[in-house]
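Going by this note's numbering, the letters in the sequence shown line up with residues 20 to 319, in that order.
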Amino acid sequence: MKHLLSIESLTRDNIEAILELAAKMKTMRGCLDAHPLKHRCWALIFTKSSTRTRVSFEVGIRELGGDVLFLNANDIQLGRGEPIKDTARVLGRMIHGAVIRTYAQQDVVDFANYSGLPTINALTDEEHPCQILADLQTIREKLGKIDGKVVTFIGDGACNVPVSWMWAAAKLDFQLRIAAPKPYQPDAALLAKLNTRNVTVTEDLSAAAEGADVLYTDVWVSMGKEEEAAYRMAQLGNYQINSELVSRAKPGALVMHCLPAYRGKEITDEVLEAHANTIFTQAENRLHAQKAILSLLARH
Ligand code: CP
Ligand code: NVA
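This is the structure we're talking about:
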């Protein structure tokens, strides 16, 4: 593994290796002597806002012995139009790795290619791989395993988080049900590319929640989609995790949210607070999963 650009580009063995090391990172936090990023400086280049991703990478890189530069894309020449391939070639001669949050997946791919540096996708419009790896770690901790489970995603089924979930379902042995209104369902080309029976798509959220082991949601208005907010609210208005929907899932089902959450929109306050332990464990596991990713990339 030289980069972590998407779940699509990972093998099942890559995912297993990350999750195994992530569990070890969590148990051994503060006790590990190994500093695989010693004398290495990583840059975080972010075009979009972030709390969890930024802090977990900054802390994780430091805990692994490395140094870190946070570069808001608007503060460097990238924000004034310098091409990503030029930025990549400059940073490739100065730093040792990059974590990128931006819009186009192609920008992360181009950065990786032109810089020659290990590169991590910290969220694009297309995928959010680090989130899903932390979520898989959380499900393993809470339910023992992901194999054989039913995960139901409710809401905007075409954005980065559900797309990464779909690729995870295509690589692992669990069922993913996407419940979304027609305009927010994954497109046919993606479903064909997934080439799996593990993913089903429906408008019927009650049926999708029936007997599920996990109910998962994400914001209705992703970063960069703010101009569509009113239309999205109208289209996605019923696709909410509330107590009635939770009662349809398996008793003891997990409720998960990548955060930030908008209470009264994609999830009610009551449900979020009742499942806060799981949801904030997801956030914590970003740190452990990403330390595992960084360590594996440092071995390359
Ligand atoms: N879940 C997630 O990526 O959160 P941030 O946007 O705060 O990084
Ligand atoms: N789909 C959301 C995820 C936030 C972590 C977004 O892209 O804004």
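Don't be surprised by glycine CBs; every beta carbon is placed ideally from N, CA and C.
Check, Outcome
"Sheet register partners of Val87 (DSSP bridge)", "Trp61"
"Residue range of the unbroken alpha helix (DSSP H) whose run includes Ile34", "31 to 46"
"Residues near Ser262 in its chain [Cβ-Cβ closer than 8 Å; skip 5 each side]", "Thr287, Glu289, Val290"
"Endpoints, the alpha helix (DSSP H) within which Gly100 is located", "First-last for Gly100: undefined, no H or E at that position."
"The stretch 168 to 181 touching the stretch 239 to 253, judged by at least three CB pairs closer than 8 Å", "yes"
"As assigned by DSSP and simplified to three states, the class of Met242", "coil"
"Test item: CB-CB of Thr72 and Arg305 under 8 Å", "yes"
"Buried or exposed by the 16-neighbour rule on C-beta atoms within 10 Å, applied to Pro148", "buried"
"Rounded Cβ spacing between Gln324 and Ala153 (contact assumed at less than 8 Å)", "Any answer about residue 324 is impossible in this case: the structure gives the chain only from 20 up to 319."
"Length of the line joining the Cα atoms of Gly174 and Arg112", "42 Å"
"Same chain only: Cβ atoms within 6 Å of Ala268, ignoring 5 sequence neighbours per side", "Ala228, Ala231, Leu234"
"Sequence ranges, alpha helix (DSSP H) only - wholly within the stretch 90 to 152, length at least 4", "103 to 110, 124 to 134"
"Which residues DSSP lists as bridging Arg282, in chain order", "Ile286"
"Beta-carbon proximity of Ile103 to Phe130, cut-off 8 Å", "yes"
"Secondary structure of Ala198, DSSP reduced to three states", "strand"
"Close beta carbons around Pro137, own chain, < 7 Å, minus the five adjacent residues each side", "Lys21, His22, Gly116, Leu316, His319"
"Proximity test, Pro205 beta-carbon vs ligand 3 heavy atom, cut-off 7 Å", "Ligand 3 is not among the ligands present in this structure, which contains only ligand 1 and ligand 2."
"Among Asn91, Ser28, Val274, Met47, nearest to Val170 - alpha-carbon criterion", "Val274"
"Helix, strand or coil at Phe193 according to DSSP, with G and I counted as helix", "coil"
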